[in-house]
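Worksheet: the structure to be examined is printed underneath.
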Amino acid sequence: MIPHIYSETGRLKKVVLGSAALMGSTPTLEECYDAKSYESVQLGIYPQQSDVREEMTQFRDVLESHGVEVFRPTELDELNQVFARDICMAIGDRFIIPNIIEDRAEEVNGIQHVISQIHEDHIIELEEGVYVEGGDVMPWKGYLFVGYSPEDEFNKYKTARTNEKALNRLRSLFPSMKVRGFQLHKHDTDPREGVLHLDCCFQPIGTDQAIIYRGGFKHEADLDFLEHVFGNENLIDVDREEFYYMFPNVFSISTEVIVSNSSFTRLNSELRERGFMVEEIKYDEVSKMGGLLRCSTMPLIRLDQDK
Numbered sequence: 193m194i195p196h197i198y199s200e201t202g203r204l205k206k207v208v209l210g211s212a213a214l215m216g217s218t219p220t221l222e223e224c225y226d227a228k229s230y231e232s233v234q235l236g237i238y239p240q241q242s243d244v245r246e247e248m249t250q251f252r253d254v255l256e257s258h259g260v261e262v263f264r265p266t267e268l269d270e271l272n273q274v275f276a277r278d279i280c281m282a283i284g285d286r287f288i289i290p291n292i293i294e295d296r297a298e299e300v301n302g303i304q305h306v307i308s309q310i311h312e313d314h315i316i317e318l319e320e321g322v323y324v325e326g327g328d329v330m331p332w333k334g335y336l337f338v339g340y341s342p343e344d345e346f347n348k349y350k351t352a353r354t355n356e357k358a359l360n361r362l363r364s365l366f367p368s369m370k371v372r373g374f375q376l377h378k379h380d381t382d383p384r385e386g387v388l389h390l391d392c393c394f395q396p397i398g399t400d401q402a403i404i405y406r407g408g409f410k411h412e413a414d415l416d417f418l419e420h421v422f423g424n425e426n427l428i429d430v431d432r433e434e435f436y437y438m439f440p441n442v443f444s445i446s447t448e449v450i451v452s453n454s455s456f457t458r459l460n461s462e463l464r465e466r467g468f469m470v471e472e473i474k475y476d477e478v479s480k481m482g483g484l485l486r487c488s489t490m491p492l493i494r495l496d497q498d499k
């Protein structure tokens, strides 16, 4: 297999969807590594394995109904494998195996059967000290958008997953792409104050639109840049509370079809008004762990994309 990922919305052909089959019991506060999970444990609402598994089965069924080949991780006992997006990533025709936080490093073992199908000449293992997670990386029409943290913040926050070394390494790996970094607000225990990954506050959809929570970005210049790229009329704004419930983290099967949480009433209506087909599934339990639909997927091949 040779990866083919040049955008967020080209027609999806092959994808890894995470698994909740053996995610185990509720973690302690000390074991939580994102703000939403921390809050869920604190409030006593951390989701049950059976509920998460049921939601992910719905997601799989929707993907397969659109002709997508869905790979699942090998199930590893007492390990949360829901958020496949972050542990590796396809960019262009390459498959990147990054360094990720120690809490999640074992998850890569669950997709070795997928990695073994990828042509070895197209696999890149990042060097020691270069940290990046897939939720921070978005190829889009010749750009590579990257959420990252400068070294002082990366060392301070557990929710800082992509460092400046990764931003620079991606520039050297993909010289034909315009790599653009974005700094995001970070907080380890308050999910309304901090942004875990870029895809929690921003995501391109369709051919020229995007969903955005402006409050997640540290620098006004980054918002100006996105307005320049997309046009203000093509940006769908979500407010702080909608960001908290992860409105930006929908998932595109194609430029026309978007999978969204059924509880996102306002957003789903706006998407339909803009001409999208919206596949609604219940995904509220998954959201209590700090990720949603894009977070649950690792696209391997998309077709008909702008390079």
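Taken in order, the sequence shown gives residues 193 to 499; the numbers are from the working numbering. The beta-carbon is built from N, C-alpha and C at its ideal position, and this holds for glycine as well.
Looking at the strands, I want to know which residues DSSP matches up with residue i.
i: R372; result: F337
i: L204; result: R494
i: Q401; result: I397
i: I315; result: F287
i: H186; result: Residue 186 lies beyond the residue range present for the chain, which begins at 193 and ends at 499; the question has no answer from this structure.
i: E261; result: K206
i: Y323; result: N291
i: N453; result: I473
i: S488; result: Answer is none; S488 lacks a bridge partner.
How many Å lie between residue i and residue j at the Cα?
i: M469; j: G321; result: 42 Å
i: V262; j: N355; result: 30 Å
i: R406; j: E412; result: 9 Å
i: G398; j: I450; result: 9 Å
i: P491; j: R252; result: 13 Å
i: S446; j: C280; result: 21 Å
Residue i: which of the options sits nearest, CA to CA?
i: R296; options: H305, V324 and I307; result: V324
i: H305; options: C280, I289, E319 and T266; result: T266
i: E298; options: L459, E345 and Q273; result: Q273
i: L484; options: L388, F422, R466 and G408; result: L388
i: I237; options: F251, V478 and P491; result: V478
i: F439; options: E472, S217, G202 and F422; result: E472
If I'm right that residue i touches residue j with Cβ under 8 Å, what's the distance once you round it to whole angstroms?
i: V338; j: Q395; result: About 14 Å; that fails the 8 Å criterion.
i: R384; j: Y436; result: 5 Å
In three-state DSSP terms, what is residue i?
i: V470; result: strand
i: S308; result: coil
i: Q250; result: helix
i: V329; result: strand
i: D429; result: strand
i: A276; result: helix
i: N355; result: strand
i: F422; result: helix
i: F417; result: helix
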